[in-house]
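One structure below.
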Amino acid sequence: MAHLNGKNAIVTGGARGIGRAIAAELAAHGASVAICDVLEDEVAAAAGELTSEYGVTAKGYAVDVSDSAQVGDFVSAVNGEFGSINVLVNNAGITRDNLLFRMKDEDFDLVQKVNLYGTFYFCRAVGRIMAKQRSGSIINVASIIGLIGNPGQVNYAASKGAVIALTKSVAKELAARGVRCNAVAPGFVETAMTAELDETVREQYMKLIPLGRFAEPEDIAKTVSFLAGDDSVYITGQVLTVDGGIVMG
Ligand code: NAI
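FYI, in the working numbering the residues of the sequence shown are -8 to 240.
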């Protein structure tokens, strides 16, 4: 089912992990994809694989999402090359964990710059194009940590909570222009980010998950694909938790 045929999508942080799975899922459903990442070689390789695997147009770009000028240039380039932008997935994100009293200013700042400011720069640049087109779907990858908090992650929780608030505001601002904006809030996902967790922490997290396993990146990608396409045309300003049931209600 190629429900994204003819759509052009941007996925940030698309070189690996959840972003890469999202780009693959969108490509599998017929979308052309522009992926960006700070990992220059990896993002180029990932784009090449998408083209050969799914036969779609896929391009990789070296972009730091925390740099407003780079984001602006990238978005204009993609709009020029692809002709339109129909789907934006703000996925790039980082952690710099530490307990509150040990948290350094620069680690707090950096996490906001990438996770929150990056999302803002992209929503502004792509939102403008979508508003002119009078259509588009923006999906921001938040986290359940932005809803429930987590010890050792004040910086990350603050950034993801802010992404959720930003999502709702963008949704309200752009709804009349035919643009939707939703967030996906994953729980714990098997990626490089969670590979850093030690075994005891992992076991503690596992006890919180009613469905009894960490998510695979594809579990998140499928939800993003739904929000990207017209099957979700009446959904905006929502936060979909994809967490095996940790957060309910
Ligand atoms: P990851 O670390 O495997 O992938 C993140 C990607 O973003 C990497 O390719 C990285 O190079 C890229 N990136 C980092 N900083 C960037 C920047 N300044 N500019 C452009 N690209 C940049 O992480 P993962 O797990 O795939 O996470 C993806 C998103 O999902 C993040 O927003 C993360 O906060 C979120 N998330 C992840 C969860 C997990 O359990 N892995 C749970 C909840 C949310």
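Each residue gets a CB set at the ideal place from its N, CA and C atoms; glycine is no exception.
Note down, in chain order, each residue of its chain lying with its Cβ closer than 7 Å to the Cβ of residue i, except the 5 sequence neighbours on either side.
i           : result
residue 38  : 26, 49, 50 and 51
residue 70  : 76 and 120
residue 201 : 235 and 236
residue 204 : 235
residue 57  : 104, 105, 108 and 109
residue 125 : 168 and 169
residue 210 : 233
residue 122 : 165, 168 and 170
residue 94  : 145 and 146
Could you check where the beta strand (DSSP E) with residue i kicks off and where it finishes?
i           : result
residue 228 : It is not in any beta strand (DSSP E) - residue 228 carries neither H nor E in the DSSP assignment.
residue 28  : 23 to 28
residue 141 : Element bounds for residue 141: n/a, residue is neither H nor E.
residue 79  : 78 to 81
residue 169 : Looking at the DSSP string, residue 169 is not in any beta strand (DSSP E), and its letter there is neither H nor E.
Using a Cβ-Cβ cutoff of less than 8 Å, which residues in the same chain neighbour residue i once the five nearest sequence positions on both sides are dropped?
i           : result
residue 206 : 177, 178, 179, 180, 181, 233, 234 and 235
residue 136 : 144, 147, 148 and 151
residue 195 : none
residue 47  : 18, 21, 22, 23, 24 and 41
residue 142 : 90
residue 117 : 1, 66, 76, 79, 127 and 129
residue 59  : 108 and 112
What is the DSSP secondary structure of residue i, counted as helix, strand or coil?
i           : result
residue 3   : strand
residue 177 : strand
residue 8   : helix
residue 106 : helix
residue 161 : helix
residue 134 : coil
residue 155 : helix
residue 129 : strand
residue 233 : strand
residue -7  : coil
Would you mind reading off the limits of the alpha helix (DSSP H) that contains residue i?
i           : result
residue 67  : 59 to 73
residue 50  : First-last for residue 50: 49 to 53, but that is the beta strand (DSSP E), not the alpha helix (DSSP H).
residue 188 : Here residue 188 belongs to no alpha helix (DSSP H), and DSSP marks it neither H nor E.
residue 120 : 109 to 124
residue 34  : 31 to 45
residue 222 : Note, residue 222: premise wrong, no alpha helix (DSSP H); not H, not E.
Between the options, which lies nearest to residue i when the distance is taken from Cα to Cα?
i           : options               : result
residue 213 : 231, 159 and 192      : 231
residue 14  : 68, 83, 60 and 163    : 83
residue 171 : 220, 209, 199 and 210 : 220
residue 226 : 96, 166 and 189       : 166
residue 154 : 168, 197, 129 and 142 : 129
residue 156 : 175, 141, 142 and 168 : 175
residue 33  : 224, 192 and 10       : 10
residue 238 : 203, 19, 169 and 139  : 139
residue 100 : 87, 92 and 93         : 87
residue 53  : 211, 6 and 67         : 6
residue 228 : 36, 35, 30 and 133    : 133
residue 45  : 217, 55 and -7        : -7
Identify, in the order they occur along the chain, each residue of the same chain with its Cβ nearer than 6 Å to the Cβ of residue i, setting aside the five sequence neighbours on each side.
i           : result
residue 81  : 3, 110, 113 and 131
residue 63  : 116
residue 29  : 55
residue 197 : none
Please decide whether residue i counts as near chain C, where near means a Cβ-Cβ distance under 7 Å.
i          : result
residue 23 : Here chain C cannot be found, since the structure has a single protein chain.
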